[in-house]
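Presented below is the structure to which this report refers.
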Amino acid sequence: MTIDPQTLRGNWNFPTLMRFGPGRIAELADACTELGMTRPLLVTDPGLSKMPMVVDALDANLAAGLETALFSDIKGNPIGKNVEDGVTVYRATGCDGVIAFGGGSALDAAKAIALMVGQDRPIWDFEDREDWSTRVNVFGMAPVVAVPTTAGTGSEVGRASVITDQESHLKKIIFHPNMMPGIVIADPELTLGLPKNFTAWTGMDALAHNLEAFCSPHFHPMAQGIALEGMRLVKEWLPAAVADGGNLVARAHMLAAATMGATAFQKGLGAIHALSHPCGAVHDTHHGLTNAVVMPYVLAFNRSAIEDRMTALARYLDLPNPSFDAVQDWVLALRAELDIAPTLAELGIRAEHIDELTPMAAIDPSCGGNPIPVGEPELRRMFEMSVSGELTV
Ligand SMILES: [Fe+2]
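Numbering follows this note's numbering, in which position 312 of the sequence shown is assigned residue number 327; successive positions increment by one, without gaps.
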């Protein structure tokens with residue numbers, strides 16, 4: 016195959032400064048101070064806001080002389096209004112930085128709040144399209160310390176937030192390179208309490224990120240290597256983390272796999288995410304769960320473009336008879352082992368919903384990383400397969 020050297024280009028932006036390890040939440044105040052904060056706003060979701068880990072963090076910051084405000088009015092799939100309200104609280108309480116604390120929803124909302132405190136345009140003007148990120152006033156952005164409490168989205172190392180536009184029912188990707196948090200505190204002890212189903216679903220989101228990044232055709236060899244090892248960690252540790260939520264070794268490896276997935280997907284995502292986003296926006300399905308359901312159908316659809324890569328992946332994962340089928344069989348077995356529904360129909364998405372979802376998927380920026388170019392006909396077919404359970408195109 017002849018390679019055009021002009022295609023060997025890209026904008027690479029990692030790694031993030033990460034403080035990784037059990038117990039490192041104790042360094043939260045220190046991390047805030049390192050980024051110049053004197054009065055942070057801790058952004059989390061309503062469930063976590065009353066949990067000891069958040070209450071303790073607020074107390075510890077106060078004891079360190081860092082009075083910290085709290086904002087937790089965030090939906091499971093955060094909406095533009097949640098970001099607006101957070102900006103209002105940030106300004107009203109005189110904050111100068113953001114602690115993004117929680118799962119993907121809280122982290123995404125927090126990063127968007129940190130972006131929007133310095134802008135005077137609506138958030139939708141910063142969607143991940145063309146050169147729209149150049150509209151951002153970077154000097155107004157607030158510094159962010161991110162504290163993930165799930166091992167999945169990897170939003171703690173990402174440069175974007177997924178926010179739902181309630182008017183259009185679209186999940187929009189809000190992007191700027193400086194949205195990458197300044198410091199991450201990755202403490203696997205914070206993920207110990209995550210229930211079995213969320214452990215499985217968020218873990219499958221981590222797999223989807225690594226897998227789609229690995230299959231994306233864009234040029235990013237660093238991301239390629241990270242994605243490969245990220246998938247190996249999921250294979251080795253996700254079943255153990257689900258089987259025994261108290262297994263700190265498994266939790267730590269999954270937290271690493273999640274950050275690796277989001278680091279890798281700078282290389283691009285694909286149709287798994289393009290299908291999943293509208294399902295979440297319209298039917299409020301869990302993001303990681305939806306990804307897990309559609310994953311084998313998207314792999315089957317992309318097969319002709321990814322046979323070589325799947326074979327290489329199968330070798331690295333030490334699967335028997337390395338090939339596309341080896342990876343597909345592993346994904347199907349993992350999905351079953353984790354008790355994940357085999358079709359979208361079981362999530363309440365049926366054939367009559369496909370007409371509405373397809374055009375939404377077609378304008379999702381994730382489409383750009385799919386190994387086969389996709390428009391409405393291709394996405395419709397993948398929706399049909401995912402609803403009916405057919406694994407052949
Ligand atoms: Fe995702």
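For each residue, glycine too, the CB sits at the ideal point set by N, CA and C.
Three-pair Cβ contact test at 8 Å for the stretch 142-162 versus the stretch 206-215: Touching, no.
Ligand 1 heavy atom lying under 8 Å from the CB of S176: Answer for S176: no, Cβ out of range of ligand 1.
L185 - containing beta strand (DSSP E), residue span: From DSSP, the beta strand (DSSP E) with L185 extends over 185-190.
Status (buried if at least 16 other CB within 10 Å, exposed otherwise) for E405: Classification for E405: exposed.
contact_flag[the stretch 237-251, the stretch 118-136] where n(CB pairs < 8 Å) is 3 or more: By the Cβ criterion, the stretch 237-251 is not in contact with the stretch 118-136, since fewer than three pairs of Cβ atoms, one from each stretch, lie closer than 8 Å.
Neighbourhood of S148 by C-beta distance below 6 Å, restricted to the same chain and skipping five residues each side: F190, H191.
Where G62 sits in the DSSP three-state scheme: The three-state reading of DSSP puts G62 in helix, counting H, G and I together.
DSSP-derived helix/strand/coil call for T103: DSSP places T103 in helix when its eight states are reduced to three.
A351 burial status per 10 Å Cβ neighbour count (16 or more: buried): Label assigned to A351: exposed.
Short Cβ contact (9 Å threshold) for I355 with I200: Not in contact: I355 and I200 (Cβ atoms no closer than 9 Å).
CB contact flag (V172, T278, <9 Å): Yes, the Cβ-Cβ distance between V172 and T278 is below 9 Å.
A215 beta carbon less than 9 Å from that of M275: Between M275 and A215, the CB-CB gap reaches or exceeds 9 Å.
Secondary structure of T179, DSSP reduced to three states: Correct three-state label for T179: strand.
DSSP state of A157 mapped onto helix, strand, coil: In the displayed model, A157 falls within coil according to three-state DSSP, outside both helix and strand.
C-alpha distance - C294 paired with T358, whole-angstrom precision: C294 and T358: Cα-Cα distance of roughly 13 Å.
D379 versus R318, N336, A296, residue with shortest Cα-Cα distance: Scanning R318, N336, A296 for the CA closest to the CA of D379 turns up A296.
Euclidean distance between Cα positions of H233 and I138: Taking the straight line from one Cα to the other gives about 28 Å.
Burial state of F154 (16 or more Cβ within 10 Å): By the 10 Å Cβ count, F154 comes out exposed.
Identity of the residues DSSP links to E142 by a beta bridge: E142 is bridged to I189.
Local Cβ density within 10 Å of P20, reported as buried at 16 or more and exposed below that: The residue is exposed, with fewer than 16 neighbouring Cβ atoms inside 10 Å.
heavy atom of ligand 1 below 8 Å from T278 C-beta: It does not: the Cβ of T278 is nowhere closer than 8 Å to a heavy atom of ligand 1.
Whether L243 touches T168 by CB criterion (9 Å): The answer is no: Cβ separation not under 9 Å.
Residue from S338, L332, F398, E391 with nearest C-alpha to L362: Ranking the options by Cα distance to L362, first place goes to F398.
G303 CB to nearest heavy atom of ligand 1 below 8 Å: Annotation for G303 indicates a beta carbon within 8 Å of some heavy atom of ligand 1.
Distance between D74 and T48 (C-alpha atoms, nearest Å): In a straight line, the C-alpha of T48 is about 16 Å away from that of D74.
Candidates K96, H292, L314: closest to I364 by CA position: Minimum Cα distance to I364 is reached at H292.
N- and C-terminal bounds of the alpha helix (DSSP H) containing G245: Segment 236-258, the alpha helix (DSSP H) holding G245.
Heavy atom of ligand 1 within 8 Å of A223 beta-carbon: Yes; taking the cut-off as 8 Å, the Cβ of A223 has a heavy atom of ligand 1 nearer than that.
Nonlocal neighbours in the same chain, by C-beta distance under 6 Å from I287, ignoring five residues either side: The beta carbon of I287 sits closer than 6 Å to the beta carbons of A223, E227, N306, V309, M310, V313 from its chain, once the five residues preceding and following it are set aside; these are given in chain order.
Residue span of the alpha helix (DSSP H) that contains G295, given as start and end: Run containing G295: 286-298, per the alpha helix (DSSP H) assignment.
Simplified DSSP state of P374, which is helix, strand or coil: DSSP places P374 in the helix class (H, G or I) of the three-state scheme.
Cβ-Cβ distance between N336 and I387 below 9 Å: No, the Cβ-Cβ distance between N336 and I387 is not below 9 Å.
heavy atom of ligand 1 below 8 Å from T214 C-beta: Incorrect: T214 has no Cβ contact closer than 8 Å to ligand 1.
For M469, the three-state DSSP class (helix, strand or coil): Nothing can be reported for residue 469, as the shown portion of the chain is limited to 16 through 408.
D88 CB to nearest heavy atom of ligand 1 below 8 Å: Because no heavy atom of ligand 1 lies under 8 Å away, the Cβ of D88 does not count as near it: no.
As assigned by DSSP and simplified to three states, the class of P311: DSSP places P311 in helix when its eight states are reduced to three.
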